[in-house]
Amino acid sequence: MPIAEPNWDLYRSFLSVLKEGSLSGAARALGLTQPTVGRHIDALEQALGLSLFTRSQAGFIATDAAHALQPYAETLSSASSALLRAASGIGRGTDAQIKGTVRVTASEVVSVEVLPPLLVQLRDSHAGITIELAVSNRIENLLRRDADIAVRMQRPEQDVLVARRVGHIDLGFHAHRRYLERHGMPKNMEEMKQHTLIGIDTESAFTRKLQPLLSGLASSHFALRSDSDLVHLASIRAGLGIGICQVRLAARDPDLVRVVPGQFNISMETWLAMHENLRSNPACAAVYTALAAGLEDYINGR
Numbered sequence: 001m002p003i004a005e006p007n008w009d010l011y012r013s014f015l016s017v018l019k020e021g022s023l024s025g026a027a028r029a030l031g032l033t034q035p036t037v038g039r040h041i042d043a044l045e046q047a048l049g050l051s052l053f054t055r056s057q058a059g060f061i062a063t064d065a066a067h068a069l070q071p072y073a074e075t076l077s078s079a080s081s082a083l084l085r086a087a088s089g090i091g092r093g094t095d096a097q098i099k100g101t102v103r104v105t106a107s108e109v110v111s112v113e114v115l116p117p118l119l120v121q122l123r124d125s126h127a128g129i130t131i132e133l134a135v136s137n138r139i140e141n142l143l144r145r146d147a148d149i150a151v152r153m154q155r156p157e158q159d160v161l162v163a164r165r166v167g168h169i170d171l172g173f174h175a176h177r178r179y180l181e182r183h184g185m186p187k188n189m190e191e192m193k194q195h196t197l198i199g200i201d202t203e204s205a206f207t208r209k210l211q212p213l214l215s216g217l218a219s220s221h222f223a224l225r226s227d228s229d230l231v232h233l234a235s236i237r238a239g240l241g242i243g244i245c246q247v248r249l250a251a252r253d254p255d256l257v258r259v260v261p262g263q264f265n266i267s268m269e270t271w272l273a274m275h276e277n278l279r280s281n282p283a284c285a286a287v288y289t290a291l292a293a294g295l296e297d298y299i300n301g302r
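Residue 1 is where the sequence shown starts when you use UniProt numbering, and the numbers rise one by one after that.
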């Protein structure tokens with residue numbers, strides 16, 4: 001006998017309980033009452049014929065079945081949000097009247113340091129467009145529609161994505177003038193080992209790619225390690241030590257000085273990507289065009 005299709009509200013409550021770990025926390029997050037969320041979970045379990053949570057005094061503990069179903073429920077959630085964003089921009093008339101919601105995803109540093117000035121220009125041209133900015137260093141799944149537009153530091157491989165290469169963002173070692181006045185300017189990578197260095201904490205594909213360029217600098221040489229690029233940037237600006245940041249971004253601040261420029265440079269291809277189904281969405285098309293132009297200006301120092 002086929003399973004009756006549960007209402008989407010049940011899946012939404014399911015995801016919220018997974019995230020919050022309790023009915024009360026999920027109820028607060030969703031703006032519902034605790035009994036309502038409880039009824040949703042009971043109804044979903046009954047409809048699916050599965051036990052999704054173990055009830056305990058410590059809260060709701062997800063079962064293996066819940067973890068197995070989680071990615072599918074998240075896909076439903078992403079599709080629901082994408083449908084609402086797409087509907088908000090359908091049939092809105094001329095450019096001057098474009099309205100809608102567009103979800104953009106970018107890394108921490110790009111979201112905080114690069115995009116806000118571009119969004120000011122976008123609002124001046126299209127005041128009816130609302131931006132949802134998803135700050136994430138991981139690659140959002142545009143195929144699943146977790147976001148409409150993504151700023152990525154690698155070329156998208158999926159054929160169904162519209163991708164535009166906007167240039168290269170260069171990374172280099174930098175330090176604040178205060179730090180260099182106290183500790184001196186290293187002449188080469190070997191002398192860098194005698195300085196306070198700021199680096200990444202957890203090994204990843206990016207750090208493994210970076211390692212051959214570091215000329216023997218090991219994790220033990222880094223006095224501050226963090227996986228947050230914003231922490232790196234703030235620490236450099238505070239004069240804590242020498243760290244890696246975007247060359248174009250550092251050039252905005254006369255107190256930030258490039259260190260060993262001839263011996264260390266990373267050039268990252270920068271792409272703007274959007275699902276091809278969004279070409280005809282006026283709001284998405286307007287944001288895509290504005291971000292592409294703004295990112296090109298940023299990269300080229302205009």
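No residue lacks a Cβ here, since even glycine has one placed at the ideal position from N, Cα and C. No experiment lies behind these values; they were computed from the predicted model shown.
Which partner residues does residue i have in the DSSP bridge list?
i, result
"I149", "V104 and M274"
"M185", "According to DSSP, M185 bridges with nothing at all."
"E132", "R103"
"L44", "For L44, which the question treats as bridged, DSSP gives no partner whatsoever."
"M268", "I169"
"L197", "F222 and I242"
"F53", "A62"
Going by Cα to Cα distance, which pick from the options is closest to residue i?
i, options, result
"D255", "A273, N265 and I236", "I236"
"W8", "L76, D64 and S24", "L76"
"M268", "P156, I169, V257 and G25", "I169"
"F60", "L15, P186 and S226", "L15"
"S78", "D253, G241 and A147", "A147"
"A257", "L272, H174, M189 and S280", "First, the residue type needs correcting, since residue 257 is Val and not Ala in the sequence shown. The option with the nearest alpha carbon to V257 is H174."
"H176", "H221, A250 and A286", "A250"
"L69", "E45, S56, L84 and A293", "E45"
"G262", "G294, H275 and M189", "M189"
"L137", "P35, A106 and A234", "The sequence given here has Asn at residue 137, not Leu. When only C-alpha atoms are compared, the closest one is A106."
"D201", "R225, M192, L161 and H195", "R225"
"R55", "L83, L23, A82 and R28", "L23"
"V247", "H126, S81, I299 and M192", "I299"
"G172", "E74, A293, F264 and I41", "F264"
"A29", "V17, G38 and H40", "V17"
"E181", "L240, G199, K209 and Q154", "L240"
"Q154", "A273, Q34 and A285", "A273"
"A286", "R123, G25, A73 and K187", "R123"
"V260", "L214, I41 and P71", "L214"
Residue j and residue i - do their beta-carbons sit closer together than 8 Å?
i, j, result
"L197", "A223", "yes"
"S13", "E108", "no"
"L230", "V112", "yes"
"H232", "I242", "no"
"A290", "L118", "yes"
Should residue i be listed as close to the ligand GDP, given that the test is whether its C-beta is under 7 Å from any heavy atom?
i, result
"L52", "Within the structure as shown, the ligand GDP is missing, as the structure has no ligands at all."
Under three-state DSSP, which class holds residue i?
i, result
"D227", "coil"
"G301", "coil"
"H221", "helix"
"R164", "strand"
"H174", "strand"
"residue 328", "In the structure displayed, the chain extends from 1 to 302; residue 328 sits before or after that span and is not available."
"A58", "coil"
"P282", "helix"
"residue 322", "Shown here, the chain extends from 1 to 302; a query on residue 322 therefore has no answer."
"L32", "coil"
"A127", "coil"
"G262", "coil"
"G25", "helix"
"I236", "helix"
"A250", "helix"
"R208", "helix"
"R12", "helix"
"E203", "coil"
"R39", "helix"
Taking residue i and residue j to be in contact with their CB atoms under 8 Å, please state how far apart those CB atoms are, rounded to whole angstroms.
i, j, result
"I131", "V104", "6 Å"
"P282", "G100", "7 Å"
"E296", "V162", "E296 to V162, Cβ: 16 Å. No contact."
"A43", "L83", "Not really, about 23 Å apart at Cβ, beyond 8 Å."
"P6", "A65", "Incorrect: roughly 14 Å between the Cβ atoms, too far for contact."
Does any residue of chain D have a CB that is nearer than 8 Å to the CB of residue i?
i, result
"I299", "Absent here is chain D; the protein component of the structure consists of one chain."
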